[in-house]
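Heads up: the protein sequence lines correspond to chains A and B, in order. Position 117 of the first sequence, counted from 1, bears residue number 116 in numbering that gives the first Met the number 0, the numbering being contiguous throughout. Position 19 of the second sequence, counted from 1, bears residue number 18 in numbering that gives the first Met the number 0, the numbering being contiguous throughout. One structure is given here, and the rest of the page talks about it.
Number of protein chains: 2
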Amino acid sequence: MKCRKCGATAAINMRHHRLALCGPHFLEWVPEQAQRAIERYRMFSPTDRVLVAVSGGKDSLGLWDVLVRLGYSADGLYIGLGIDGGVAYSDQSLTRCRTFAEARGLRLHTVDVPSELGASIPEVARLTHRGQQKPCSVCGLTKRHEMNRVALEGGYDALATGHNLDDEVAVLFGNTLNWSTGYLGRQAPALEGRPGFAPKVKPFCRLLERETAAYALLRGIEYVYDECPHAEGATNLMHKNLLNRLEAERPGAKLSFYLSFLRAREAGLFVQPEGELSQPEMHPCSSCGQPTTAPGECTYCRTRRRVREQKEAIRD
Amino acid sequence: MKCRKCGATAAINMRHHRLALCGPHFLEWVPEQAQRAIERYRMFSPTDRVLVAVSGGKDSLGLWDVLVRLGYSADGLYIGLGIDGGVAYSDQSLTRCRTFAEARGLRLHTVDVPSELGASIPEVARLTHRGQQKPCSVCGLTKRHEMNRVALEGGYDALATGHNLDDEVAVLFGNTLNWSTGYLGRQAPALEGRPGFAPKVKPFCRLLERETAAYALLRGIEYVYDECPHAEGATNLMHKNLLNRLEAERPGAKLSFYLSFLRAREAGLFVQPEGELSQPEMHPCSSCGQPTTAPGECTYCRTRRRVREQKEAIRD
Chain A
0 MKCRKCGATA AINMRHHRLA LCGPHFLEWV PEQAQRAIER YRMFSPTDRV LVAVSGGKDS
60 LGLWDVLVRL GYSADGLYIG LGIDGGVAYS DQSLTRCRTF AEARGLRLHT VDVPSELGAS
120 IPEVARLTHR GQQKPCSVCG LTKRHEMNRV ALEGGYDALA TGHNLDDEVA VLFGNTLNWS
180 TGYLGRQAPA LEGRPGFAPK VKPFCRLLER ETAAYALLRG IEYVYDECPH AEGATNLMHK
240 NLLNRLEAER PGAKLSFYLS FLRAREAGLF VQPEGELSQP EMHPCSSCGQ PTTAPGECTY
300 CRTRRRVREQ KEAIRD
Chain B
0 MKCRKCGATA AINMRHHRLA LCGPHFLEWV PEQAQRAIER YRMFSPTDRV LVAVSGGKDS
60 LGLWDVLVRL GYSADGLYIG LGIDGGVAYS DQSLTRCRTF AEARGLRLHT VDVPSELGAS
120 IPEVARLTHR GQQKPCSVCG LTKRHEMNRV ALEGGYDALA TGHNLDDEVA VLFGNTLNWS
180 TGYLGRQAPA LEGRPGFAPK VKPFCRLLER ETAAYALLRG IEYVYDECPH AEGATNLMHK
240 NLLNRLEAER PGAKLSFYLS FLRAREAGLF VQPEGELSQP EMHPCSSCGQ PTTAPGECTY
300 CRTRRRVREQ KEAIRD
């Protein structure tokens, strides 16, 4: 297989694009794809300041690399969740992010959840009995809260995450199997900001996981290979397996599923009749000030209070 | 495994309903399910006259059996397509339908496509170059036309087909992968009649294929086991395989995908803004009188004319 652009030996063949590329041309192609998505979905402009949420994995570090190469002003945000899992998962992740930022002279914000919340994420899940055995629900809650807080406090114009096409399609598939029209209506590569909420964008939404992995490898980015030890429910993995089979049979099926969904969405498919199921009225949380649906404390602040109460009860 | 109703040895276990039943109780359960669908989707009432399209297979003969047992006035319609496929497929199918009807004293309409169109379905596909290699498209066109004609001429209140849950879910899945909102908006267990179109209903839409097969077997209905030799494209089969894997992992996934789709549809998900993409204006075909989108002859009549012209050209 030869590179379409220069005829050298190809490093990657992307069947769904009928495109094989050598390493150097693939390293040009990925930023072009990201730039196309940034423009197509109006994610941000060249003068905007972007905050990239980085986990130390291939997607988010690859995204940060690409945004900086494209000339955007992009700072990083690492949220330490206190996850060990026998591999010092969080420590390892922080090291990768710090090394990446220092080598490039980039600014990295860090949040340490065990200090903020008073307990690591797995501990919080146990103490508050949220999410049964799995800490994923409280982890998502915490990350959303802290990403939004740092983006707003830092005056960033957009919060970027490294979600790739496989991530987006698995979520889309899960929501489609239940026809969860509310979630479907809110799934987009770019969510506009609202009062109290930073805009959220996913510039890698059109790249398959194998493409983001190839980018990080060929670019020589050192990233954490391990998945989070608590990672992803069986359902999400099962859906990814099914979608991989589909893609193997019909190269391009994932991209086409996602893009045709976005077109239908843009054409107004999930627009709710006025009033009905539309955005609920928001109130500022009495503790942190972030918007929340019910008056009083937001779920994050209630969780934090509950952790403190539980810890005090144990201490007494 | 014991029958939930009587404790006898179960003949079938339906994991997605957490229900195991013995043969006699399963033979009661299937008509109850069909009756629920008939009422839930307002398919027809006890005094209506129903035309059941029968192919000689388990689904359509099982449906006819069930409708008659439920006390409905149901006649059959067999459309002979002139398909041989090395197994005298159409002849065999007609024999099964005739034997079924005669044994029960039921009325069976028959249409012979080779006489009506001047050629068998595979011949029509070749002569008209419709559908490349595959006669499925012209076969569907012909069946829709003839089913509608016989239903209207006979003054039937509804045209019933034996589509089961697997059929419905495979079509739904295919249309969802492309977000074909037009097709999605028209997929329903009961389509109301419009001027020139008989109402169409699918009382078996909530039964898995293994349940309709078990019904036919346990009821002792003699049916054609062979699939149509031209049957179903690779895509449809591939989708059915994927959906079978999904169902094996998550019993109930098919039913839930289908029912949540129907609920979203009923809630107005695919309702088109007025005018836009809504039902096109229809004109009566200048030859057969059935409604068609463009003035002049309908596609079926144009196909029939083309077959005659081709045959004459060959003869000359």
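Cβ atoms here follow ideal geometry from the backbone N, Cα and C, with glycine treated the same way.
Chain A contact for E265 (chain B) (CB, 8 angstroms cutoff): For E265 (chain B), the answer is no, since every Cβ of chain A falls outside 8 angstroms of its Cβ.
Residues of its chain near Y257 (chain A), where Cβ-Cβ distance is below 7 angstroms and the 5 sequence neighbours each way are ignored: L164, E167, V168, L171
Cross-chain neighbours of A252 (chain B) in chain A, by beta carbon under 7 angstroms: L176
Own chain partners of L93 (chain B) with C-beta closer than 8 angstroms, once the 5 adjacent residues on each side are dropped: Taking L93 (chain B) as the centre and dropping the five residues before and after it, the same chain places the C-beta of G55, Y77, G79, T109 closer than 8 angstroms to its C-beta, in chain order.
Y214 (chain A) versus A187 (chain A) - alpha carbon distance: 24 angstroms
Short CB-CB distance (under 8 angstroms) between G274 (chain B) and chain A: Summary for G274 (chain B): the model assigns pLDDT 46, below 50, so the residue's position carries little reliability; its value from the coordinates is reported in the next sentence. Against chain A, the CB of G274 (chain B) has no partner CB under 8 angstroms away; the residue lies outside that interface.
Under 8 angstroms from the C-beta of T180 (chain A): neighbouring residues of chain B: A263, A266, L268
Span of the beta strand (DSSP E) around H108 (chain B): 107-111
Backbone CA spacing between I220 (chain A) and G104 (chain A) [nearest angstrom]: Spanning the two alpha carbons is a distance of roughly 15 angstroms.
Closest Cα partner of G310 (chain B) within the set B:D74, B:T127, B:H144: For clarity, residue 310 (chain B) is Lys in the given sequence; the question names Gly instead. Nearest C-alpha to K310 (chain B): B:T127.
Where E101 (chain B) falls, given that 16 or more other Cβ within 10 Å makes a residue buried: exposed
Distance between beta carbons of V223 (chain B) and Q32 (chain B), contact taken as under 8 angstroms: Going by Cβ atoms, the distance from Q32 (chain B) to V223 (chain B) rounds to 23 angstroms, so no, they are not a contact pair.
Runs of beta strand (DSSP E) lying entirely within the region 68-95 of chain B, each at least 3 residues, in chain order: Listed in chain order, the complete beta strand (DSSP E) runs (minimum 3 residues) inside the region 68-95 of chain B are 72-79.
E275 (chain A), buried or exposed, once every other Cβ within 10 Å from all chains shown has been counted against 16: For E275 (chain A), the pLDDT reaches just 48, beneath the cut-off of 50, and the residue's location in the model is therefore unreliable, although a value from the coordinates is still provided. E275 (chain A) should be labelled exposed.
Chain A residues whose Cβ lies nearer than 8 angstroms to that of R319 (chain B): The question about residue 319 (chain B) has no answer, for chain B in this structure spans 0 to 315.
Residues in the region 228-250 of chain A having any Cβ partner in chain B nearer than 8 angstroms: Listed by position along the chain: T234, M237, L241, R244, L245, E248, R249.
Inter-residue spacing [alpha-carbon to alpha-carbon] between I120 (chain B) and R185 (chain B): Separation of I120 (chain B) and R185 (chain B) (C-alpha to C-alpha, rounded to the nearest whole angstrom) is 26 angstroms.
Within chain A, the residues that F256 (chain B) reaches when beta carbons sit closer than 7 angstroms: Within 7 angstroms Cβ-Cβ: L176.
Q34 (chain A) versus Y71 (chain A) - alpha carbon distance: 10 angstroms
Simplified DSSP assignment, three categories, for K133 (chain A): coil
Cβ-based burial, V49 (chain A) [other Cβ within 10 Å; buried from 16]: buried
Interface partners of S259 (chain A) on chain B, CB under 7 angstroms: N177, W178
Cα-Cα separation, G84 (chain A) to P228 (chain A): 6 angstroms
Cβ pair P290 (chain B), M42 (chain B) closer than 8 angstroms: no
Proximity winner among A:L242, A:A293, A:N147, relative to K199 (chain A) (alpha-carbon distances): A:N147
Reference G251 (chain B); option with closest CA among B:V67, B:R17, B:W63, B:V137: B:R17
Proximal residues to L217 (chain A) (C-beta, below 8 angstroms), its chain only, five neighbours per side dropped: The residues are A10, G22, F25, L26.
Contacting residues, own chain, Cβ-Cβ under 7 angstroms from T180 (chain A) (five flanking each side not counted): F269
Residue range of the beta strand (DSSP E) that includes A10 (chain A): Per DSSP, A10 (chain A) belongs to no beta strand (DSSP E) and is neither H nor E.
Through-space distance from R106 (chain B) to R301 (chain B), alpha-carbon basis: Each residue's alpha carbon lies about 31 angstroms from the other.
Beta carbon of S89 (chain A) nearer than 8 angstroms to that of G161 (chain A): no
Straight-line Cα distance separating G154 (chain A) from W63 (chain A): 18 angstroms
Given 8 angstroms, three or more beta-carbon pairs between the region 239-253 of chain A and the region 234-254 of chain B: yes
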